[in-house]
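Asker:
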Ligand code: SF4
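Numbering (this note's numbering), first residue to last: -18 to 430.
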């Protein structure tokens, strides 16, 4: 295998092997991934899975609206410029909550509710209160941890009282970069003072765990740009930082066609930026979490990483231990031990199904025992950088793992496959070796760094 001219060159900490990063790989927020979803999964499957959902479960509520649409965004979201469209959607969401209440067994206890999107603050603060009221009245909420994704550009002062009064304690701000020239390049202009003011508002609202989403690999981005954004995020006191590599895939996300791709950093520059983030945030006192998250040691996510309780689900790395995550809203995904099911993505069709009191499940995948075993290996590699392999799997994977082992990126300790610290940027690539669905087309996935 040709490792390229700079193969093995060290980034000061991580050795760079471009041949091992050349294949696009999934982010593995589920296994099987969404690429394996088919239309064979429907409402009856969701009903059957819900019937077994006893004990602690989590909810995800999707609000697919934003006041402005960012050019890079791959989320299922649209403009929130029509009041009636928002009202209709919230009405449908209320109906879906009612249907969920009918199908959840009496032993279910909802311990977490995450509001995401889109931007949940695209709806009016008063509507958000009504939504939380509906959840509280209709569903078995048991003192849940409430979290919310927010757009700092539209975080008006009313949100302070609303978040405080409903008891939201965790929030995530879409920051991406503080550099004005990069904000212009990706169609998301938000001055520093918007983010600082939003942060202040959220702290005053009682948010104790605040995440910033940041990106590297942006068009025209330099390492200095990234270092300054990281330093500003640390100075503003983010408890968690998710540092994502921008994936430019306009063939899958047409709105990315607005971004000038001529100045995108190459793979080696991206690799160096990922390393820079890892080093700089480590020096600032953040604990690495998984392969692209960082958290202050007192934060629950860092504690989960340090104690081996870190998990991965559709929301990314999480300390949530629940095996059932129920998604509400258009395109929302539910995860059960034996099933992954997705709601209708199109908001119009989603509303139409609910107007007939039908659960809007419109696709997904069943998880076989083998899928679950492989999923546990992939989750272990991404969350803890190690996984137990049975003798048969170990033997079957030896050849595929050899290029990683020979370069000191992975090693075996008895029956445990371990990703060494030098191998961290290759974690997704190593995980993908265990994905039997991934051995052909990988076109729809993103760069491994
Ligand atoms: S605010 Fe967030 S969800 Fe909305 S378009 Fe921008 S990146 Fe996407």
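Idealized CB from N, CA, C, for every residue including glycine.
#1: Between 52, 414, 204 and 217, which has its C-alpha nearest residue 164's C-alpha?
#2: Any heavy atom of the ligand SF4 closer than 7 Å to the Cβ of residue 240?
#3: Alpha carbon to alpha carbon, how far is residue 101 from residue 43?
#4: Could you check which residue in 112, 14, 384 and 283 has the C-alpha nearest to that of residue 73?
#5: Check whether the Cβ of residue 146 sits closer than 7 Å to any heavy atom of the ligand SF4, and report yes or no.
#6: Classify residue 266 as buried or exposed, calling it buried when 16 or more other Cβ atoms lie within 10 Å of its own Cβ.
#7: Assess contact between the segment 362 to 369 and the segment 286 to 293, defined as three or more Cβ pairs (one per stretch) separated by less than 8 Å. Is contact present?
#8: Determine the DSSP secondary structure at residue 434, reduced to helix, strand or coil.
#9: Would you check whether the ligand SF4 has a heavy atom nearer than 7 Å to the C-beta of residue 312?
#10: Would you tell me roughly how many angstroms separate the C-alpha atoms of residue 396 and residue 168, rounded to the nearest one?
#11: Given 8 Å as the limit, is there contact between the segment 144 to 163 and the segment 195 to 204, that is, 3 or more CB pairs closer than that?
#12: Would the C-beta of residue 304 count as close to the ligand SF4, meaning under 7 Å from any of its heavy atoms?
#13: May I ask you to check if the CB of residue 50 is nearer than 7 Å to at least one heavy atom of the ligand SF4?
#14: Three or more beta-carbon pairs under 8 Å between the segment 171 to 190 and the segment 250 to 257, yes or no?
#15: Assuming residue 12 and residue 355 are in contact, meaning their beta carbons sit under 8 Å apart, how far apart are those beta carbons, in whole angstroms?
#16: Let me see if you follow: with CB-CB separation under 8 Å, is residue 187 close to chain B or not?
#17: Could you check whether the Cβ of residue 153 sits closer than 7 Å to any heavy atom belonging to the ligand SF4?
#18: Which of helix, strand or coil does DSSP assign to residue 107?
#19: Restricting to Cα atoms, I'd like to know which of 170, 23 and -1 is closest to residue 343.
#20: Would you say residue 10 touches the ligand SF4, meaning its beta carbon is less than 7 Å from a heavy atom?
#21: For residue 277 and residue 298, which I take to be in contact (beta-carbon distance under 8 Å), what is that distance rounded to the nearest angstrom?
#22: Residue 192 bridges to which residues according to DSSP?
#23: With distances taken from CA atoms, which of 41, 69, 47 and 407 is nearest residue 336?
#24: What distance in whole Å lies between the Cβ atoms of residue 140 and residue 106, which are believed to be in contact at a cut-off of 8 Å?
#25: Look at the alpha carbon of residue 95 and the alpha carbon of residue 128, and state the distance between them as a whole number of angstroms.
#26: On the DSSP bridge list, what partners appear for residue 314?
#27: Check whether the Cβ of residue 132 lies closer than 7 Å to any heavy atom of the ligand SF4, and answer yes or no.
#28: So, do the segment 12 to 21 and the segment 321 to 330 have three or more beta carbon pairs nearer to each other than 8 Å?
#29: Just confirm the distance between the C-beta atoms of residue 284 and residue 275, as a whole number of angstroms; I'd bet it's less than 8 Å.
Answerer: Here's the rundown:
#1: Reading the chain shown from its first residue, position 183 is the one you call residue 164. For residue 164, the nearest C-alpha among the options comes from 52.
#2: Counting from 1 along the chain shown, the entry for residue 240 is found at position 259. No.
#3: Within the chain shown, residue 101 is the residue found at index 120, counting from 1. Within the chain shown, residue 43 is the residue found at index 62, counting from 1. When rounded, the distance between both Cα atoms is 8 Å.
#4: On the chain shown, position 92 is the one that residue 73 refers to. Among 112, 14, 384 and 283, the Cα nearest to that of residue 73 is on 112.
#5: What you label residue 146 is simply residue 165 of the chain shown in a count that begins at 1. Not so, every heavy atom of the ligand SF4 lies at least 7 Å from the Cβ.
#6: Position 285 of the chain shown, counted from the first residue, corresponds to residue 266. Exposed, because fewer than 16 other Cβ atoms sit within 10 Å of the Cβ of residue 266.
#7: Yes, since at least three Cβ pairs between the segment 362 to 369 and the segment 286 to 293 fall closer than 8 Å, the two stretches touch.
#8: Nothing about residue 434 can be read from this structure; the chain reaches only from -18 to 430.
#9: In the chain shown, the residue the question calls residue 312 occupies position 331. Within the chosen limit of 7 Å, the ligand SF4 does not reach the beta carbon of residue 312 with any heavy atom.
#10: One-based indexing of the chain shown puts residue 396 at position 415. One-based indexing of the chain shown puts residue 168 at position 187. Cα to Cα, residue 396 sits roughly 48 Å from residue 168.
#11: As far as the Cβ criterion goes, the segment 144 to 163 touches the segment 195 to 204, which means the pair count is three or higher.
#12: Reading the chain shown from its first residue, position 323 is the one you call residue 304. False, no ligand heavy atom lies under 7 Å from that Cβ.
#13: Translated into the one-based positions of the chain shown, residue 50 becomes position 69. Yes, the beta carbon of residue 50 sits closer than 7 Å to at least one heavy atom of the ligand SF4.
#14: Counting Cβ pairs under 8 Å, fewer than three are found: no touch.
#15: Locating residue 12 in the chain shown gives position 31, counting from the first residue. Locating residue 355 in the chain shown gives position 374, counting from the first residue. With a Cβ gap of about 6 Å, residue 12 and residue 355 count as contacting.
#16: Of the protein chains in this structure there is only one, and it is not chain B.
#17: Within the chain shown, numbered from 1, the residue matching residue 153 stands at position 172. No, the beta carbon of residue 153 sits no closer than 7 Å to any heavy atom of the ligand SF4.
#18: Locating residue 107 in the chain shown gives position 126, where the first residue counts as 1. Three-state result, residue 107: helix.
#19: Start at 1 with the first residue of the chain shown, and residue 343 comes out as number 362. The candidate whose alpha carbon is nearest that of residue 343 is 23.
#20: Position 29 of the chain shown, counted from the first residue, corresponds to residue 10. Checking the Cβ of residue 10 against the ligand SF4 gives no.
#21: Residue 277 sits at position 296 when you count from the first residue of the chain shown. Residue 298 sits at position 317 when you count from the first residue of the chain shown. Residue 277 to residue 298, Cβ: 15 Å. No contact.
#22: Your numbering for residue 192 matches position 211 in the chain shown. Bridge partners of residue 192: 153 and 221.
#23: For the purposes of this step, residue 336 is identified with residue 355 of the chain shown, where counting begins at 1. If we check each option's Cα against that of residue 336, 69 comes out closest.
#24: One-based indexing of the chain shown puts residue 106 at position 125. One-based indexing of the chain shown puts residue 140 at position 159. Between residue 140 and residue 106 the Cβ distance is about 6 Å, and since that is below 8 Å, they are a contact.
#25: For the purposes of this step, residue 95 is taken as residue 114 along the chain shown, with counting starting at 1. For the purposes of this step, residue 128 is taken as residue 147 along the chain shown, with counting starting at 1. For the pair residue 95 and residue 128, the Cα-to-Cα distance works out to about 5 Å.
#26: For the purposes of this step, residue 314 is taken as the residue at position 333 of the chain shown. DSSP lists 323 as partners of residue 314.
#27: Numbered from 1 along the chain shown, position 151 holds the residue referred to as residue 132. Answer for residue 132: yes, Cβ within range of the ligand SF4.
#28: yes
#29: For this step, residue 284 is matched to residue 303 along the chain shown. For this step, residue 275 is matched to residue 294 along the chain shown. Their Cβ separation, rounded to whole angstroms, is 13 Å, which puts residue 284 and residue 275 out of contact at 8 Å.
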